[in-house]
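Remarks on the structure that follows.
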Amino acid sequence: MDLSRPYAAVAPTVEGAALVALAQTTAPITGRQVAVRAGASQSGVQACLNRLVEHGLVLREGAGRAYLYSLNLDHLAAVPVLRLAEMRNLMLKQLRETLATWKPRPVHASLYGSAARGDGGTSSDIDLFLVRPSGVDDDGAWADQVARLSEAAGRWTGNPVQVVQLTEEDCADLVAAENPLIRKLREESIDLSGVPARRLLRPSRRP
Amino acid sequence: MTPADQTRPCTLVDARKRLAHARAFLDQADLAGGNDPEPERAAAASSAVLAGIAAADATCCAVLGMKNHLDHQGAVSLLKTVRGANQAANALNRLLNLKGQVQYVGETSAADLRTSQRAARTLVTFAEHSVGQ
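Top line first, the protein sequences correspond to chains A and B. Take any residue in the first sequence, count from 1 to its spot, add 129: that is its number in our numbering. Take any residue in the second sequence, count from 1 to its spot, add 14: that is its number in our numbering.
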């Protein structure tokens, strides 16, 4: 899927972008605001809103000289629209639920890179960072669950999955060395399991 | 709705920048614990407040394309217009209620610090999910 517009796998046109913009807010907004949030032209969005109002999926109300638009939550199509708007969160939820079943559990697991930033495309990697507990080999049961998660995440999204895994000791060494990967993880990773990145990767306090 | 003159347009780039600020402030907020001296608790709780405000900005910029720039209650109201943000908006409200006590009254209890850290984490987590959605 397009990591910057996950809904585009199902609704690639301006309708998809406009509906997701409306799904993300509880406040009625102007057509111009929909266009800004959808990243589309105002004329294109206006035509699309007119059509969606005609179908009853979008509500229009007058506000002075302008019109305000909102998603009609009672419409039969509202639930799938809300789900489309939540696709990235659904990916995070499924990753977390899968990691919660792991034995042995990771010390830490997070998503980073374009999937975390939300700025990738259809061929961008899903980058996962895993820290393995001390005394757990990187083969056997651990390797099996890493492989299963990679395969599953690839199926959920259609994107290739890249896993970087470290032992607790190697991770501590990289933190002490202020490795660029650690800095990147501090800036953009989203926690999925275990010790939060901001605690695990915290720089040592200066004396 | 939040009055238009209390908001400023902002972009996904701004959202990412504010999220980076929020995470950095949260790191500072987590440096103190309940057993640390009161000044350190106050500094950490202040950082938690800043983390929460920055995270709310990040969410609003990413989802609404605008952020509040005047009063703090306006920021809570604007955040509430993001679907699913009720818990985050309540966390922001808690942080803003603590702000005056922490920064001006000068008595930050261990419970205040825990509350502020928890609220800031709620807001940063929500912002992480919102930015790039």
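Heads up, the beta-carbon is just placed ideally off N, CA and C, and yes, glycines get one too.
Item: Quick one: what does DSSP say Pro262 of chain A is sitting in, helix, strand or coil?; Value: coil
Item: Going by Cα to Cα distance, which pick from A:Glu307, A:Gln162 and A:Tyr136 is closest to Leu197 of chain A?; Value: A:Gln162
Item: State buried or exposed for Pro336 of chain A, treating a residue as buried only when at least 16 other CB atoms are found within 10 Å of its CB.; Value: Note that Pro336 of chain A scores 46 on pLDDT, short of 50, meaning its location in the model is unreliable and no value can be drawn from it.
Item: Can you tell me which residues form a DSSP beta bridge with Met80 of chain B?; Value: B:Pro23
Item: With a threshold of 16 other CB atoms inside 10 Å of the CB of Asp28 of chain B, please say whether the residue is buried or exposed.; Value: buried
Item: Using 10 angstroms around the beta-carbon of Leu45 of chain B, count the other beta-carbons present and answer buried if the total reaches 16, otherwise exposed.; Value: exposed
Item: Tell me which residues of the region 233-257 of chain A have at least one Cβ-Cβ distance to chain B shorter than 7 Å, keeping chain order.; Value: Arg246, Gly247 and Asp248
Item: Counting only beta-carbon atoms, is Leu78 of chain B nearer than 9 Å to chain A?; Value: yes
Item: At a Cβ threshold of 9 Å, is Arg30 of chain B touching chain A?; Value: yes
Item: If we count Cβ pairs, one from each stretch, closer than 8 Å, do we get three or more for the region 29-37 of chain B versus the region 88-107 of chain B?; Value: no
Item: Counting only beta-carbon atoms, is His83 of chain B nearer than 9 Å to chain A?; Value: no
Item: Excluding five sequence neighbours on each side, which residues of the same chain lie with their C-beta closer than 7 Å to the C-beta of Pro53 of chain B?; Value: none
Item: Could you say which of B:Ala70, B:Met80 and B:Thr21 lies nearest to Gln101 of chain B if we only look at CA atoms?; Value: B:Ala70
Item: With a Cβ-Cβ cutoff of 9 Å, do Ala65 of chain B and Leu40 of chain B count as a contact?; Value: yes
Item: Return the CA-CA distance between Met216 of chain A and Asp131 of chain A, expressed in angstroms with no decimal places.; Value: 11 Å
Item: Residues of chain A with CB closer than 7 Å to the CB of Glu142 of chain B, please, in chain order.; Value: Ile319
Item: Gln291 of chain A bridges to which residues according to DSSP?; Value: A:Asp256
Item: By Cβ distance below 6 Å, which residues in the same chain neighbour Met15 of chain B in space, the five residues on each side in sequence not counted?; Value: Any reading at Met15 of chain B must be qualified, since the residue scores a pLDDT of 48, below 50, and its modelled position is unreliable; the value itself is stated next. So no residue of the chain qualifies.
Item: I need the DSSP call for Glu307 of chain A, collapsed to helix, strand or coil.; Value: coil
Item: Please list the partners that Leu228 of chain A has in chain B, where partner means a Cβ-to-Cβ separation under 8 Å.; Value: None at all; the shortest Cβ gap to chain B is about 16 Å.
Item: Count the CB pairs spanning the region 227-236 of chain A and the region 204-216 of chain A that are closer than 8 Å, and state whether there are at least three.; Value: no
Item: What number of angstroms, rounded off, separates the C-alpha of Val293 of chain A from the C-alpha of Ala134 of chain B?; Value: 29 Å
Item: Does any C-beta atom of chain B lie closer than 9 Å to the C-beta of Thr155 of chain A?; Value: yes
Item: In chain order, which continuous runs of the alpha helix (DSSP H) of length 4 or greater are located wholly inside the region 68-118 of chain B?; Value: 86-94 and 100-114
Item: Can you tell which of B:Gly120, B:Val145 and B:Tyr118 has the C-alpha that lies nearest to the C-alpha of Arg246 of chain A?; Value: B:Val145
Item: Expressed to the nearest angstrom, what Euclidean distance is found between the alpha-carbon atoms of Leu221 of chain A and Asn82 of chain B?; Value: 28 Å
Item: Are Pro325 of chain A and Glu307 of chain A close, meaning C-beta to C-beta below 9 Å?; Value: no
Item: From the DSSP output, in three-state form, read off Leu137 of chain B for me.; Value: helix
Item: Which complete beta strand (DSSP E) runs does the region 163-197 of chain A hold, if anything under 3 residues is left out?; Value: 187-192
Item: Check Asp273 of chain A in the structure and name its three-state DSSP category.; Value: helix
Item: What separation, rounded to the nearest whole angstrom, lies between the Cα atoms of Glu142 of chain B and Asp320 of chain A?; Value: 10 Å
Item: With 9 Å set as the bound, which would you pick, yes or no: does the beta-carbon of Leu337 of chain A sit closer than that to a beta-carbon of chain B?; Value: A question about residue 337 of chain A goes unanswered here, because the residues of chain A that appear run from 130 up to 336.
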